[in-house]
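Reviewing the structure listed below.
In my numbering, the protein residues as written are 7 to 126.
Rendered as structure tokens:
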């Protein structure tokens, strides 16, 4: 079973996405803050990371950098309300697999996640 770390500033959104991923056969772990996510990335193995840009206690780019240092090959999907932003461009330069805009369609997310994990 593939482990996915889901990082979003909204606990309800994090929980809902983790529930949907679980129904699709993933072991989804939620985090609502940058620091917690970075600690988990340093100490646990995840097959993929889904993160938002704006997070309590930090920034999604920090989470991505931590993922790159801890596990360089981990596929990362960035979810943002501002797809054409400097943060999105920076995330692409850090090697994110996909930048997905909000509002997020689950069908799009799961398709992109599967593609990124297979391409790993």
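Even for Gly, the Cβ is constructed at its ideal location relative to N, Cα and C. Just so we're clear, the structure is a prediction, and the values are computed from it rather than from any experiment.
Check	Outcome
Same chain, Cβ closer than 8 Å to residue 77, five either side skipped, listed in chain order	47, 51 and 52
Where residue 58 sits in the DSSP three-state scheme	strand
Proximity below 7 Å, CB of residue 103 to CB of residue 69	no
Residue 137 (DSSP reduced to helix, strand or coil)	The question about residue 137 has no answer here: the residues shown for the chain are numbered 7 through 126.
Outcome for residue 114 when other beta-carbon atoms lying within 10 angstroms are tallied against a minimum of 16	exposed
Selection from 8, 54 and 16 that minimises the alpha carbon distance to residue 32	8
Exposure of residue 95, with buried meaning 16 or more beta-carbon neighbours within 10 Å	exposed
Close Cβ partners of residue 24 (< 6 Å) along its chain, the five nearest in sequence each way excluded	12, 34 and 36
Own chain residues within Cβ distance below 8 Å of residue 16, not counting five before or after	38
Buried or exposed (CB count within 10 angstroms, at least 16 for buried), residue 92	exposed
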